[in-house]
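**Student:**
Residue numbers (the numbering used here), protein chains in the order written: chain A, 648 to 760; chain B, -13 to 101.
Dropping the structure here:
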């Protein structure tokens, strides 16, 4: 069955540094990969989408890469700020269906002032 | 509406009682999803609707769970004979159509506690 792995340990970094979060997947080849942000007690909010034929996508301080050979996506936040502190979720289309998103368990990011 | 609206935002119920959770998607969105998130866990897919039909119910944990959607809009998730392990946040989301290349927009969730 498909498996999506995100580092369960929190990432703790200093303000101004670049945060890099990892999403690994196994057993299938998704057509799309999305990243969402979730704050405590809130629903996830969409950040970026990258297609299988795209290597990299940028939006302001955010950058996502998609390596279909390694079956890995990296999510970068440059010049991180305390307001970036949240849980970040990656999501992929389901192996048995392209009509639903399957989410990883998320990685919590803490940015120290 | 402007966003996905869910009600109730919080619900405490006694074990064995039935609960209904409501989702009002973004106007015009034909796809609607239900996910469940237990404390500190990721999102667990439950069911999705395209219009009023539910092509994929594979994520429903047991036959105590059911969902319906009427008029291509509002959806209700019903949990019968609630158990303590049903305690979680139930998140509803919608998108213009059921396609993984679309962004999905989440509501703020219904926090269910079974005591």
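The beta carbon of each residue, even a glycine, is placed where N, CA and C say it ideally should be.
Taking contact to mean at least 3 C-beta pairs separated by less than 8 Å, is the segment 705 to 723 of chain A in contact with the segment 2 to 13 of chain B?
**Tutor:** At 8 Å Cβ cutoff, the stretches do not touch.
**Student:** Using a Cβ-Cβ cutoff of less than 8 Å, which residues in the same chain neighbour residue 1/B once the five nearest sequence positions on both sides are dropped?
**Tutor:** Here the set comprises 68, 69, 70, 100, 101.
**Student:** By Cβ distance, which residues of its chain are closer than 7 Å to residue 88/B, with the 5 residues on each side in sequence left out?
**Tutor:** Taken in chain order, the residues that qualify are 81, 82.
**Student:** Could you check if residue 726/A is buried or exposed, using at least 16 other CB atoms within 10 Å of its CB as the buried criterion?
**Tutor:** The residue in question, residue 726/A, is exposed, as its Cβ has fewer than 16 Cβ neighbours within 10 Å.
**Student:** Three or more beta-carbon pairs under 8 Å between the segment 14 to 21 of chain B and the segment 47 to 65 of chain B, yes or no?
**Tutor:** A contact exists between the segment 14 to 21 of chain B and the segment 47 to 65 of chain B.
**Student:** Please list, in chain order, the residues of the segment 685 to 701 of chain A that have any C-beta partner in chain B closer than 9 Å.
**Tutor:** Going along the segment 685 to 701 of chain A in chain order, one finds 685, 688, 689, 690, 691, 692, 693, 696, 698 with a Cβ nearer than 9 Å to chain B.
**Student:** Kindly indicate which three-state DSSP category residue 54/B falls into: helix, strand or coil?
**Tutor:** Three-state DSSP puts residue 54/B in a strand.
**Student:** Check for me: the beta strand (DSSP E) holding residue 706/A runs from which residue to which?
**Tutor:** From DSSP, the beta strand (DSSP E) with residue 706/A extends over 703 to 706.
**Student:** Which chain B residues sit within Cβ distance under 8 Å of residue 752/A?
**Tutor:** In chain order: 27, 28.
**Student:** Can you tell me whether DSSP reads residue 729/A as helix, strand or coil?
**Tutor:** Of the three classes helix, strand and coil, the one that applies to residue 729/A here is helix, per DSSP.
**Student:** Please state the DSSP three-state secondary structure of residue 71/B.
**Tutor:** It is helical.
**Student:** Is it buried or exposed, residue 96/B, if we count other Cβ atoms within 10 angstroms and call 16 or more buried?
**Tutor:** The residue is buried, with at least 16 neighbouring Cβ atoms inside 10 Å.
**Student:** Exposed or buried, which one is residue 706/A when buried takes at least 16 other CB atoms within 10 Å?
**Tutor:** Per the 10 Å Cβ criterion, exposed.
**Student:** Going by DSSP, what residue range makes up the beta strand (DSSP E) through residue 21/B?
**Tutor:** Start and end: 17 to 23.
**Student:** So does the segment 722 to 737 of chain A actually touch the segment 659 to 666 of chain A, counting three or more Cβ pairs closer than 8 Å?
**Tutor:** Touching, per the Cβ criterion.
**Student:** Name the chain A residues that come within less than 9 Å of residue 94/B, Cβ to Cβ?
**Tutor:** Those are 688, 689, 690, listed as they occur along chain A.
**Student:** What residues of chain B sit near residue 608/A, judged by a beta carbon separation below 8 Å?
**Tutor:** Past the boundaries of the shown model lies residue 608/A; chain A is included only from 648 to 760, so the question cannot be answered.
**Student:** Against residue 721/A, what residues of chain B qualify as contacts under a CB-to-CB distance less than 9 Å, listed in chain order?
**Tutor:** Within 9 Å Cβ-Cβ: nothing; residue 721/A doesn't reach chain B, min ~19 Å.
**Student:** Comparing the C-beta of residue 77/B with each C-beta of chain A, is any distance below 7 Å?
**Tutor:** Yes, residue 77/B lies at the interface with chain A (some Cβ there is under 7 Å from its Cβ).
**Student:** Go ahead and pull the three-state DSSP assignment for residue 714/A.
**Tutor:** Strand, per DSSP.
**Student:** Buried or exposed: where does residue 716/A fall if 16 or more other Cβ atoms within 10 Å of its Cβ makes it buried?
**Tutor:** By the neighbour-count rule (16 or more Cβ atoms within 10 Å), residue 716/A is not buried but exposed.
**Student:** Identify the contact partners of residue 736/A in chain B, using a Cβ-Cβ distance below 9 Å as the criterion.
**Tutor:** Within 9 Å Cβ-Cβ: 28, 29.
**Student:** According to DSSP, residue 8/B sits in a beta bridge with which residue or residues?
**Tutor:** DSSP, once it has assigned bridges, lists -7/B, 62/B as partnering residue 8/B.
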